[in-house]
Amino acid sequence: MNRRAVVTGIGVISPLGNSVKELWEALLANRSGVRAMPEWYDHFGKNIANAPVSVDPVQVKKINRKVRRTMGNAALFSGLAAQEAVLSSGLDPALFTTGRVACVIGSTVGSASSMTDACTAEAEGRRDDLSACHFFRLMSHSSAFNVADMFGINGIQLAPCSACASGLQALGAAQELIRLGKADVVISGGSDETTSLVASSFQLLYALAERETPEPEKLARPFDANREGLVCAEGAGILVVEEYEHAKARGANILFELAGYATNCSGWHVSHSDEVQIANCMRTALADAGINAEDVDYVSAHATGTKVGDAAEAAAIRSVLGDKVPVSSLKGHLGHTLGASGALELAAVHGMMQNGIVLPTRNLEQVDDCAGILLPRQLMDHKVRVCIKNSIAFGGVNASLVCKSVD
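Quick note, the sequence shown lines up with residues 6 to 412 if you use the numbering used here.
Pasting the structure below:
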């Protein structure tokens, strides 16, 4: 059975805009979605940087109230992004109830803000103040089941929960469901939201860029010699993944193919990136795609701006591809959108494929000597036919997805 998984629709909610068009225009303009968070001042005692999203209340109200009441912010972001993805794909709504459409959406946690609200209410003896729907908002598969309910999807539902690799693992699972004949269409991607407590978690691990500065948009600087850590962000990226012949038969606009996928774990340290296992993951994904390393045109790196993580990923990329393939990270533009990052950043990968360019890594002023890879510092004219997208997560989780253009 030679079933291929292709992408026919993309939707995003991001710190740089709430549509694929808005996001792409902002990236081309080299804008940043990072800002200071005075609303978190009481928690940190200083203005920490973050990259929040702002959603249109009019769009929110287009989601059925029955579904909306069980949505935390992460699920809401997923729902809004899914609406754009499905609309752009041109799918017939009748497909959703055939049992041949699956929903696979990953998230670090179901809703960090809902979890905080629940814990605060319990600690203050206000449990009765919580809505009956509150528990559904914070469940780890909240994005998946809420999006399935939005569209009436009655096929397979899965929800990878592997921290910052969640979204890319979801897309890998979507590709596998298509290949195995378990589904013809999969609504898939990742979503996450940020709170002061989420940022605190990274601060406790010495991974947060927490310096107060009048230029917070310059704090996220992957691969830079003076990088200080990551900047938290939120958002969602949802893709319509479809079996190739199914897409062709209905005359769909095919954006690119999910040609190969791999995921593994380091198995020895929960927070230290392992360059050997990252490299193994990339090689396995290429083998799964049947693509040689010399045919890769671009790497969309996970690189978040941490000292150890960026260095390990750079070493892995160098080991697999050498130093001639352009590499960039979008965390300087978007911040780290956690479980959404792998899927959300693929919207930009499609833009690069479509326009024959490679986006640079924002805020990369002095390339770290340890990188040893090709890191464009401005827009680069370059045909992108084959791309590797990496996601790397706490717990030693690595994921790589090979995307290629479809002629």
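The beta-carbon is built from N, C-alpha and C at its ideal position, and this holds for glycine as well.
If you're wondering where the values come from, they're calculated on a predicted model, not measured in any experiment.
- By the CB criterion at 7 Å, G310 and D293 fall outside the cutoff.
- Per the coordinates, the alpha-carbon of S136 lies some 10 Å from the alpha-carbon of A123.
- DSSP places N403 inside the beta strand (DSSP E), whose first and last residues are V402 to K409.
- Sequence-distant Cβ neighbours of A345 in its own chain, meaning closer than 6 Å and more than five residues away, are G172, G195, S196, D197, G240, A241 and G242.
- With fewer than 16 other Cβ atoms from the protein chains shown falling within 10 Å of its own Cβ, G157 counts as exposed.
- Non-local beta-carbon contacts of I18 in its own chain, meaning distances under 7 Å to residues more than five positions away in sequence, involve V58, V60, F82, L85, A86, G240 and A241 in chain order.
- Counting every other CB atom within 10 Å of its CB across the protein chains shown gives H355 a total of 16 or more, marking it as buried.
- Under the three-state reduction of DSSP output, I259 falls in the coil class, being neither helix nor strand.
- Within the stretch 213-257, the complete alpha helix (DSSP H) segments at least 4 residues long are 249-254, listed from N- to C-terminus.
- Excluding its 5 nearest sequence neighbours in each direction, Y211 has C-beta neighbours in its own chain below 8 Å: G234, listed in chain order.
- Residue environment for A404: buried (at least 16 other C-beta atoms within 10 angstroms of its C-beta).
- The stretch 63-132 is shown to contain whole beta strand (DSSP E) runs of 3 or more residues at 106-111, in chain order.
- For the pair V245 and A107, the CB atoms are not nearer than the 7 Å cut-off.
- Distance between R390 and Y303, taken at the CA atoms: about 8 Å.
- When only Cα atoms are considered, A306 and M287 end up about 11 Å apart.
- Only residues of its own chain outside the window of five on either side were considered, and among them A319, R323 and D328 have a CB closer than 7 Å to the CB of G377, listed in chain order.
- Its chain contains N151 as the residues whose beta carbon lies nearer than 6 Å to that of M76, once the 5 sequence neighbours on both sides are disregarded; these appear in chain order.
- Here the stretch 212-229 makes no contact with the stretch 254-272; the two share fewer than three CB pairs at distances below 8 Å.
- One alpha carbon belongs to V12, the other to Q88, and they sit about 15 Å apart.
- Spatial neighbours of D373 in its own chain (CB-CB distance under 8 Å, excluding positions within 5 residues in sequence) are listed in chain order as F228, D229, A230, R232, D315, A316 and A319.
- CA-to-CA, the gap between C138 and V72 works out to about 10 Å.
- Taking V325 as the centre and dropping the five residues before and after it, the same chain places the C-beta of A284, M287, R288, L291 and A298 closer than 8 Å to its C-beta, in chain order.
- By the Cβ-count criterion, A398 is buried, with 16 or more other Cβ atoms from all chains shown falling within 10 Å of its own Cβ.
- Distances from the alpha-carbon of I110 to those of C166, G400 and V275 put C166 closest.
- Exclusion of the five residues before and after E248 leaves R8, I183 and D189 as the residues of its chain whose Cβ lies within less than 6 Å of its Cβ.
- Bridge partners of Y303 according to DSSP: C392.
- Counting only residues of its own chain and dropping the five nearest sequence neighbours on each side, R105 has a CB closer than 8 Å to the CB of G160, A188, D189 and V190.
- DSSP places A188 outside both helix and strand once states are collapsed to three, so it counts as coil.
- Here V236 is not near V114, since their CB atoms are 7 Å or more apart.
- Distances from the CA of L176 to each of N360, D386, K312 and A149 were compared; the closest alpha carbon is that of A149.
- Following the DSSP letters along the chain, one finds A10 in no alpha helix (DSSP H) but inside the beta strand (DSSP E) bounded by residues A10 to I18.
- In the structure shown, I183 adopts helical secondary structure according to DSSP, grouped into three states.
- With fewer than 16 other Cβ atoms from the protein chains shown falling within 10 Å of its own Cβ, P62 counts as exposed.
- N7 sits in coil when the DSSP states are folded into three classes, being neither helix nor strand.
- Separation of the CB atoms of L364 and L32 is rounded to 6 Å, and the pair is thereby assigned contact status at 8 Å.
- Separation of I393 and D134 (C-alpha to C-alpha, rounded to the nearest whole angstrom) is 47 Å.
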